[in-house]
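I have placed the structure first, in the form of structure tokens, so that the comments after it can refer back to it.
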Amino acid sequence: MDLKIMLSEHLVSLLIGMALSISIAFISFRLKALTAGGGVGTAIVGTIVFALGGMAAAVPLIIFFVTSSLLSHITPRRKIRALMLADKGKRRDIMQVFANGGIGAICVVLHAVTGNTFWFFCFLASICEAAADTWATEIGTMAASNPVSIISFRKIDPGMSGGITLIGTLAATAGAILVAFGSVPFIGWNRSPDDSLTGPIIASIIAGFAGSIIDSIVGASIQARFRCPVCGKATEKDIHCNRPTVLKGGVRFINNDIVNLLGTLSAAIFVLLFLR
């Protein structure tokens, strides 16, 4: 009987998570925050996180998604120019969704299967990194001055990967903090008075921010960089001005999605090493 009740509860959680995820994905698609593929990816990632992670996992994911979508729709003229150079536009596709949320979804599954709470904080760190990177990009491209490369510290065009600004760095920190603390009211494990959340939460924030730095370093060093043969502009797109672009640096197959995936993975690894 206990097994039947447990299975029934899991089924209810799955159905609720699926319904919420599909609803959010559909609304986001209608609001042009997601492509059709991005909506499918959001429904998949959201269902896993909502059903297996509960509110403690769902709230950070929702905070990341809502704030990132809102920030992406703030488009002053300077940011529009940056979007023309960047690999992807405002609407997130399925690869962007998996790059930002795939590692987190895997960590939620591992937490549900093993019961080890450090997997939850690996999830949290990965979402902190996704928020930090997105906030830094969306707000940093609105900075009055051009970003500088995180490797060479030379000025680069807004929208090119690997660039950092002061306002973007502060935004990255704020994004990681907001996501991490969003989970705190919903973490309901039987923790002893000595088993404080402070260490794991701070570790998740630091790991998330560190992951965004790794993202920038990888973006500046090995992400593919192209030049348009028509207008001569540097870009991350393989097509520009309706013409194939020419590879000028980095590795051709390493695009922004792979860089984002490595960023979230590194954040999860950082917090795993800290908590193990």
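Whatever position you read off the sequence shown (first residue = 1), add 3 for the working numbering. Think of the CB as a built atom: it goes at the ideal place given N, C-alpha and C, for glycine as much as any other residue. Please read these numbers as outputs of a predicted model, since none were measured by experiment.
- About 4 Å separates the Cβ atoms of I142 and A174, confirming a contact at the 8 Å cut-off.
- The beta carbons of A210 and C131 sit closer together than 8 Å.
- Short of 8 Å from the beta carbon of G266, and not among the five residues preceding or following it, lie these beta carbons of its own chain, in chain order: E132, A133, D136, G214, S215, I217, D218 and V221.
- By the criterion of at least three beta-carbon pairs nearer than 8 Å, the region 49-58 is in contact with the region 110-126.
- Inclusion of V187 and I205 in the CB contact set at 8 Å is not warranted, their separation being larger than that value.
- Distance from the Cα of K236 is smallest, within the candidate group F277, D160, I257 and N263, for D160.
- DSSP places F256 outside both helix and strand once states are collapsed to three, so it counts as coil.
- In the DSSP assignment, P247 is bridged to I242.
- Cβ contact annotation for G41 (same chain, cutoff 7 Å, sequence separation greater than five): R94, R95, D96, I97, Q99 and V100, in chain order.
- Restricted to the region 122-163, not a single beta strand (DSSP E) segment is unbroken, complete and at least 3 residues in length.
- Beta bridge pairing from DSSP links R228 with G252.
- A Cβ-Cβ distance of about 11 Å is found for the pair F126 and G105, leaving them out of contact under the 8 Å criterion.
- Under the three-state reduction of DSSP, L34 is assigned to coil, being neither helix nor strand.
- DSSP, reduced to helix, strand and coil, places G166 within a strand of the structure shown.
- Contact annotation, G49 with A22: C-beta distance approximately 10 Å; criterion of less than 8 Å not satisfied.
- Q226 has its alpha-carbon roughly 11 Å from the corresponding atom of K240.
- The beta carbon of S31 is closer than 6 Å to those of L37 in its chain, skipping five residues each way along the sequence.
- The C-beta of C231 has 16 or more other C-beta atoms within 10 Å across all chains shown, which makes the residue buried.
- Spatial neighbours of I180 in its own chain (CB-CB distance under 7 Å, excluding positions within 5 residues in sequence) are listed in chain order as I208.
- Close CB contacts of A146 within its chain, under the 7 Å cut and outside five residues either way in sequence, are with T168, I170 and G171 (chain order).
- Residues A102 of the same chain have their beta carbon placed closer than 6 Å to that of L264, with the five preceding and five following residues left out of the count.
- In this model, A128 and A61 are separated by some 14 Å (Cα to Cα).
- Scanning its chain for C-beta atoms nearer than 6 Å, with the 5 sequence neighbours on each side dropped, one finds around A46 the residues S24, I25 and A28, in chain order.
- Counting only residues of its own chain and dropping the five nearest sequence neighbours on each side, S269 has a CB closer than 6 Å to the CB of G214 and I217.
- Non-local beta-carbon contacts of V262 in its own chain, meaning distances under 7 Å to residues more than five positions away in sequence, involve S164, D218, V221, G222 and Q226 in chain order.
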